[in-house]
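Chemist: Per my numbering, the very first residue in the sequence shown carries number 1125; after that it's consecutive. Cβ coordinates follow ideal geometry from the N, Cα and C atoms, glycine included. Only a predicted model underlies this, so the values are computations on that prediction, with no experimental measurement involved. Have a look at the structure that comes next, please.
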Amino acid sequence: MNRTCQPMLSGWPIQSGTATEWRGRAAGRVYEYVSVYSKGCLDEWMAEMKLYVFDSCPYCVRVRALAGLKGIRCELVFPVAGSLPAVLGGRVARYSVPVLEYQVAGMTEPAYLQESGAIIQLLDQLDQQPVFAHYEISKGLNQWIKSTRPLLDPLCYPRMRLLDLPELASPEALKYFNESRAQRLGMPLARALEETAAFTTLLAEPLTAIAEYLDMESYFDGSRAITVDDLYAFAELRILLMVQELALPGVLNNYLQALSRDCSVRLYPRINRFGDAS
Ligand SMILES: N[C@@H](CCC(=O)N[C@@H](CS)C(=O)NCC(=O)O)C(=O)O
């Protein structure tokens, strides 16, 4: 598979790209992902697909990474946090992204699918050449993610406000985000930012220990194929690159860079606790 595309939001560093372009619409909140991959996969069915996502959401990134990896063409739609796009009202069970909108042959109305796991499975099997033999994350990695998330969140939530994310593009969305995330952390986001050093210190051990569950080197040196564990790990750890004060182990950094390239999902600029980017 020839993968050459690196979609980036406008205003962000472009790493590389041949036939990929992001187009802002509707006050910069909806982006059309126009991408011509050499592998093709551009039949009518796929051209009709829309994926509702937050840029910073790990569940959404799992799906986007698979779509990027397989060269599946779909329109990415970024709703603002806290309010469901009108088109989804009454069509999905609850307010959460990702949501896939797709056409079913013979039906006039689109269908909607809401769980990231179900969307991944559907997209992977579309071309009858699934990348994955199964869709379950391994137990060890799952446990690692669950136990480490309480350390990731206080580092990343306060920095997300500073990243000009499409899901935080309105004052209401930003207010909703600040309040809901502060409640989840049990502290104001500004305080979490001040505590950066405490959280980066606590993260050092798990960031080394993850090597017990993931063979990162064999992925970035190209000697093995991608697994569902890679998809989950990338989606979870990609946000850590926004933490300027965090020194990632070299192997982990190489692994995330390789997955970003292969799956066409951008990484973040690095923000320090004073809000400065590098
Ligand atoms: N089990 C769901 C979880 C999705 C989820 O929790 N998404 C979050 C974003 S990371 C969400 O939409 N939360 C609503 C909110 O932020 O208000 C899945 O795998 O798709």
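With a 10 Å radius around its C-beta and 16 neighbouring C-beta atoms as the bar for buried, classify GLU1329 as buried or exposed.
Modeler: By the 10 Å Cβ count, GLU1329 comes out exposed.
Chemist: Helix or strand or just coil, what does DSSP make of ILE1395?
Modeler: ILE1395 falls in the strand class under three-state DSSP.
Chemist: Would you say CYS1181 touches ligand 1, meaning its beta carbon is less than 6 Å from a heavy atom?
Modeler: Indeed, a heavy atom of ligand 1 lies less than 6 Å from the Cβ.
Chemist: Would you mind sorting TYR1392 into buried or exposed? The rule is 16 or more other CB atoms within 10 Å of its CB.
Modeler: It counts as buried.
Chemist: What whole-angstrom Cβ distance do TYR1337 and SER1388 have, given they're in contact under 8 Å?
Modeler: The pair is not a contact, with the Cβ atoms about 25 Å apart (cut-off 8 Å).
Chemist: Please classify MET1231: is it buried, with 16 or more other beta-carbons within 10 angstroms of its beta-carbon, or exposed?
Modeler: Flag for MET1231 reads exposed.
Chemist: Going by DSSP, what residue range makes up the alpha helix (DSSP H) through TYR1226?
Modeler: Not the alpha helix (DSSP H): TYR1226 falls in the beta strand (DSSP E), residues 1223-1226.
Chemist: So is the beta-carbon of SER1271 under 6 Å away from any non-hydrogen atom of ligand 1?
Modeler: No, since every heavy atom of ligand 1 falls outside the 6 Å radius drawn around the Cβ of SER1271.
Chemist: Can you check whether the CB of ILE1269 is closer than 7 Å to the CB of VAL1187?
Modeler: Not a contact, by the Cβ cut-off of 7 Å.
Chemist: Run through DSSP, which three-state label would TYR1183 get?
Modeler: Looking at TYR1183 - three-state DSSP - the assignment turns out to be helix.
Chemist: Rounding to the nearest angstrom, what Cα-Cα distance links LEU1309 and PHE1323 in this structure?
Modeler: Whole-angstrom Cα-Cα distance: 13 Å.
Chemist: Excluding the five sequence neighbours on either side, which residues of its own chain have a C-beta within less than 8 Å of the C-beta of GLU1260, listed in chain order?
Modeler: Closer than 8 Å at the Cβ level, and outside the excluded window around GLU1260, lie VAL1352.
Chemist: Taking only the alpha-carbon atoms, compute the straight-line gap between ARG1397 and MET1284 and give it to the nearest angstrom.
Modeler: Rounded to whole angstroms, ARG1397 to MET1284 spans 12 Å at the Cα level.
Chemist: Which of the three DSSP states, helix, strand or coil, is assigned to GLU1329?
Modeler: The answer is helix: DSSP assigns GLU1329 an H, G or I state.
Chemist: Nearest-angstrom Cα distance between THR1446 and GLU1341?
Modeler: Since the first residue shown for the chain is 1125 and the last is 1402, residue 1446 is missing from the structure and cannot be characterised.
Chemist: Where does ALA1205 sit, in a helix, a strand or coil, going by DSSP?
Modeler: It is coil, neither helix nor strand.
Chemist: Since VAL1375 and ALA1335 are thought to touch, with beta carbons under 8 Å apart, how far apart are those beta carbons, to the nearest angstrom?
Modeler: About 7 Å separates the two Cβ atoms, so the contact holds.
Chemist: Thinking C-beta only, is GLU1360 closer than 7 Å to PRO1222?
Modeler: Contact flag unset, no.
Chemist: Taking only heavy atoms of ligand 1 into account, decide whether any of them is closer than 6 Å to the Cβ of SER1240.
Modeler: Answer for SER1240: yes, Cβ within range of ligand 1.
Chemist: Would you say the region 1289-1298 touches the region 1205-1212, given that touching needs at least three Cβ pairs under 8 Å?
Modeler: Yes, since at least three Cβ pairs between the region 1289-1298 and the region 1205-1212 fall closer than 8 Å, the two stretches touch.
Chemist: Give the C-beta separation of LEU1279 and THR1332 to the nearest angstrom, bearing in mind that I take them to be a contact with Cβ-Cβ under 8 Å.
Modeler: The pair is not a contact, with the Cβ atoms about 17 Å apart (cut-off 8 Å).
Chemist: For the structure I just gave you, are there three or more beta carbon pairs, one from the region 1251-1258 and one from the region 1209-1220, closer than 8 Å?
Modeler: Taking 8 Å as the limit for Cβ pairs, the verdict is that the region 1209-1220 does not touch the region 1251-1258.
Chemist: Short check: CB of LEU1190 to CB of LEU1275, under 7 Å?
Modeler: No; because the gap between Cβ atoms is not below 7 Å, this pair is not in contact.
Chemist: Less than 6 Å separating the Cβ of VAL1221 from some heavy atom of ligand 1?
Modeler: Yes, ligand 1 has a heavy atom inside 6 Å of this Cβ.
Chemist: Tell me which residue opens and which closes the beta strand (DSSP E) that ALA1235 is part of.
Modeler: 1235-1237 is the span of the beta strand (DSSP E), which, as asked, contains ALA1235.
Chemist: Can you tell me whether TYR1379 is buried or exposed, with buried defined as 16 or more other CB within 10 angstroms of its CB?
Modeler: It is buried - the Cβ of TYR1379 has at least 16 other Cβ atoms within 10 Å.
Chemist: Using a Cβ-Cβ cutoff of less than 6 Å, which residues in the same chain neighbour SER1384 once the five nearest sequence positions on both sides are dropped?
Modeler: The residues are LEU1391.
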